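Residue numbers (full-length UniProt numbering): 1 to 343.
Glycine residues also receive a C-beta, built at the ideal position from the N, C-alpha and C atoms.
The structure presented is a predicted model; accordingly, all values stated were derived computationally and were not measured.
Below you can see the structure in the form of structure tokens.
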């Protein structure tokens with residue numbers, strides 16, 4: 001038996017004592033019961049899903065608990081945290097239920113970015129109401145209503161606090177840098193993104209939370225919330241994928257394996273494998289698409305939604321009459337192996 005997830009976190013609170021963020025260095029998926037039971041006796045955990053704040057004074061007993069079940073990596077984290085004055089929390093999730101605290105949300109986002117869970121593999125219901133807007137600064141997370149005073153205090157001491165963003169989500173790389181990736185601009189990857197090994201995200205690429213790549217991909221466009229990109233697919237410069245949050249939609253947009261979205265293209269339906277959308281063409285679910293045979297003769301006209309999930313399709317716009325056309329894509333996309341082999 002195992003509990004769904006476990007994490008020992010260190011984070012930041014506001015002056016009001018409210019959690020702003022939590023950093024989990026080594027979150028665990030399917031934590032075994034022996035580990036959870038050993039920790040439970042030290043922190044008063046009685047089952048269910050809980051985020052339990054602990055003091056630095058409890059770290060010694062927590063280290064002993066980890067060592068008693070051979071959880072050496074967790075014990076090593078405790079050693080680093082000894083003597084800290086930062087807020088500490090142990091978050092234990094018995095099941096994957098909707099989160100009820102900021103600490104629980106951060107643990108689930110960490111599971112995604114540590115590649116322990118794929119996008120859409122977690123219950124994130126109600127998470128927005130549990131994530132405060134935070135000023136992410138050169139001095140860490142600061143409550144928005146405390147920012148002006150902190151800036152004034154810093155100036156009085158001859159320092160300047162740089163504000164990188166004001167958002168519910170921090171950048172992923174402040175919490176984890178997955179192995180085997182290249183990221184041109186780290187501020188464009190939110191915590192909760194899943195960046196597959198071998199993926200390159202160029203400077204204009206963007207990956208939202210609960211979204212990302214499953215393998216080797218080149219990302220120069222936008223992967224919106226909830227969108228999954230399969231191995232070997234290439235998202236060209238400025239292209240866009242329609243997220244599940246757009247317009248309150250609930251269709252999961254995905255890109256199969258070996259696909260190409262051309263520069264400034266757009267996607268509003270799920271794609272199968274080995275599909276291509278030509279540059280500048282936005283495919284929405286309701287768009288009328290003319291289906292062509294292998295002789296480029298018109299077969300029928302359908303809504304793009306009827307082609308969702310089908311493989312080996314080439315979408316293009318007829319430059320003479322402006323209509324959207326689709327035909328079988330006979331040339332698979334192959335990413336430049338030389339570009340990715342040094343990730």
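Would you kindly work out how many angstroms separate the C-alpha atoms of residue 301 and residue 290, rounded to a whole number?
If you number the chain shown from 1, residue 301 lands on position 301. If you number the chain shown from 1, residue 290 lands on position 290. Distance between the alpha carbons of residue 301 and residue 290 is about 4 Å.
Can residue 89 and residue 9 be called in contact, C-beta distance under 7 Å?
Numbered from its first residue, the chain shown carries residue 89 at position 89. Numbered from its first residue, the chain shown carries residue 9 at position 9. It is a contact, given that the beta carbons lie within the stated cut-off.
Hey, out of 327, 203 and 113, whose CA is closest to residue 197's CA?
Mapped onto the chain shown, residue 197 falls at position 197. Cα-wise, what sits closest to residue 197 is 113.
Mapping the DSSP letters down to three states, classify residue 288 as helix, strand or coil.
Within the chain shown, numbered from 1, the residue matching residue 288 stands at position 288. Correct three-state label for residue 288: strand.
Going by the beta-carbon positions, is the gap between residue 244 and residue 268 smaller than 7 Å?
Taking the first residue of the chain shown as position 1, residue 244 is located at position 244. Taking the first residue of the chain shown as position 1, residue 268 is located at position 268. Not in contact: residue 244 and residue 268 (Cβ atoms no closer than 7 Å).
Could you give the C-beta distance for residue 34 and residue 69, rounded to a whole number, given that I count them as a contact under 8 Å?
Sequence index remark: in the chain shown, residue 34 carries index 34 (1-based). Sequence index remark: in the chain shown, residue 69 carries index 69 (1-based). Going by Cβ atoms, the distance from residue 34 to residue 69 rounds to 5 Å, so yes, they are a contact pair.
Starting from residue 3, follow its DSSP beta bridges and name the residues at the other end.
Residue mapping note: residue 3 aligns to position 3 of the chain shown, counting from 1. According to DSSP, residue 3 bridges with 31.
Would you decide whether residue 247 is buried or exposed? Buried here means 16 or more other CB atoms lie within 10 Å of its CB.
Stepping through the chain shown from its first residue, residue 247 is reached at position 247. Note that residue 247 has pLDDT 47, beneath the 50 cutoff, so the model's placement of it is unreliable and the number below is only indicative. Result: exposed.
Mapping the DSSP letters down to three states, classify residue 171 as helix, strand or coil.
The residue you call residue 171 lines up with position 171 of the chain shown. Reduced to three states, the DSSP call for residue 171 is strand.
For a test of the three-state rule: what should DSSP assign to residue 95, helix, strand or coil?
Taking the chain shown and counting its residues from 1, one reaches residue 95 at position 95. Residue 95: coil per DSSP, three-state reduction.
Comparing alpha-carbon positions, which option in 224, 186 and 236 lies nearest residue 218?
The count along the chain shown starts at 1 and reaches residue 218 at position 218. Measuring from the Cα of residue 218, the nearest candidate turns out to be 236.
Report the start-end ranges of each beta strand (DSSP E) in the stretch 209 to 287 that is 3 residues or longer and not cut off at the edges.
Counting whole runs of 3 or more residues, the stretch 209 to 287 contains the beta strand (DSSP E) stretches 211 to 213.
Who are the Cβ neighbours of residue 286 in its own chain at under 8 Å, not counting the five residues just before and after it?
The count along the chain shown starts at 1 and reaches residue 286 at position 286. These residues qualify, in order along the chain: 303, 304 and 305.
For residue 278, which residues of its own chain have a beta-carbon under 6 Å away from its beta-carbon, when the five flanking residues on both sides are left out?
Residue numbering aside, residue 278 sits at position 278 when the chain shown is read from its first letter. So the qualifying residues of the chain are 262 and 316.
Count the other C-beta atoms from every protein chain shown that fall within 10 angstroms of the C-beta of residue 16, then say buried if there are 16 or more, exposed otherwise.
Locating residue 16 in the chain shown gives position 16, where the first residue counts as 1. Exposed: under 16 other Cβ atoms inside 10 Å.
Take the Cβ of residue 273 as the centre, count every other Cβ of all protein chains shown within 10 Å, and call the residue buried at 16 or more, exposed below.
Position 273 of the chain shown, counted from the start, is the residue given in the question as residue 273. When all chains shown are included, residue 273 counts as buried.
How long is the line joining the alpha carbons of residue 328 and residue 314, rounded to whole angstroms?
Within the chain shown, numbered from 1, the residue matching residue 328 stands at position 328. Within the chain shown, numbered from 1, the residue matching residue 314 stands at position 314. Roughly 6 Å separates the two Cα atoms.
Could you tell me which residues DSSP pairs with residue 118 in its beta bridges?
As a position in the chain shown, residue 118 is number 118, starting the count at 1. Answer by DSSP bridge pairing: none, since residue 118 is not bridged.
For the alpha helix (DSSP H) containing residue 323, name the first residue and the last one.
For this step, residue 323 is matched to residue 323 along the chain shown. Run containing residue 323: none; DSSP gives neither H nor E here.
Could you check whether the stretch 127 to 142 touches the stretch 155 to 165, counting it as contact only if at least three pairs of C-beta atoms, one from each stretch, sit closer than 8 Å?
Yes: the two stretches touch, three or more of their Cβ pairs being nearer than 8 Å.
Put residue 143 into one of helix, strand or coil per three-state DSSP.
Your numbering for residue 143 matches position 143 in the chain shown. Residue 143 falls in the strand class under three-state DSSP.
Closer than 8 Å by C-beta to residue 52: which residues in its own chain qualify, once you throw out the five before and the five after it? Chain order, please.
Working through the chain shown from its first residue, we reach residue 52 at position 52. Excluding sequence neighbours, residue 52 sits near 43, 44, 45, 89, 90, 91 and 92.
Quick one: what's got a C-beta closer than 7 Å to residue 220's C-beta in the same chain, skipping five residues either side?
The count along the chain shown starts at 1 and reaches residue 220 at position 220. Excluding positions up to five away in sequence, the list reads 202, 204, 205, 235, 236 and 237.
Where does residue 13 sit, in a helix, a strand or coil, going by DSSP?
In the chain shown, the residue the question calls residue 13 occupies position 13. If DSSP states are grouped into helix, strand and coil, residue 13 belongs with the strands.
Mind checking who residue 23 pairs with in its DSSP beta bridge?
For this step, residue 23 is matched to residue 23 along the chain shown. Paired residues: 10.
Under 8 Å by Cβ, that's how I've got residue 124 and residue 108 pegged, so tell me the actual separation to the nearest angstrom.
Within the chain shown, numbered from 1, the residue matching residue 124 stands at position 124. Within the chain shown, numbered from 1, the residue matching residue 108 stands at position 108. Contact flag correct, Cβ pair sits at about 6 Å.
At the level of alpha carbons, what is the spacing between residue 153 and residue 264?
The count along the chain shown starts at 1 and reaches residue 153 at position 153. The count along the chain shown starts at 1 and reaches residue 264 at position 264. The alpha-carbon atoms of residue 153 and residue 264 are separated by roughly 45 Å.
Return the chain-ordered list of same chain residues with a C-beta closer than 6 Å to the C-beta of residue 102, the five sequence neighbours on each side being excluded.
Counting from one through the chain shown, the residue named residue 102 turns up at place 102. Closer than 6 Å at the Cβ level, and outside the excluded window around residue 102, lie 19 and 130.
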